[in-house]
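Visitor: 737 is the number of the first residue of the sequence shown in our numbering; add one for each residue after it. Beta carbons are placed, not taken as given, at the ideal position from N, Cα and C, and that holds for glycine. Remember, it's a predicted structure, so these values are computed and weren't measured experimentally.
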Amino acid sequence: MSQSILLYLNDVAVATLQNLRQETPWFTATAHFNDVAVGETLERVTRFRTFDQHLEALDLPEDEEEDRWEAKLAELGLAHADLGLDFDGQWSVVMEDGTVQEVRSLRFEDGVVQWRG
């Protein structure tokens, strides 16, 4: 599939997606953000989510886990509010034919967005 679609966050278009590919149940596309800073923040949130999964697997004492968590937030330049972008935001795509699809399990990395359809 090679089509251009719009990515929305809370009913505001934030990116144009191109080179849409589908491998059920996943969709992948190249993201061109209207505001580059939004894309950069979302990529850092994805990096933090990966770090958090690895951290939980270590089964550290809660205070040590929290210290590492806070250090990683600072390293990535993220605020606690930024972490809500991927899970708490209402994400959707509007396809070329005008159909709207909800976006779940969103990830951003290297200019590519992936979501579960």
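Identify the continuous beta strand (DSSP E) that holds T835 and give its terminal residues.
Guide: Here T835 belongs to no beta strand (DSSP E), and DSSP marks it neither H nor E.
Visitor: If L778 and L821 are in contact, beta carbons under 8 Å, what's the gap, nearest whole angstrom?
Guide: That belief holds up - the Cβ atoms of L778 and L821 are roughly 6 Å apart, short of 8 Å.
Visitor: Identify the residues that DSSP records as bridge partners of W805: which are they?
Guide: In the DSSP output, where bridge partners are listed per residue, W805 has none listed.
Visitor: Can you tell me which of the three DSSP states T777 falls into?
Guide: Three-state DSSP puts T777 in a helix.
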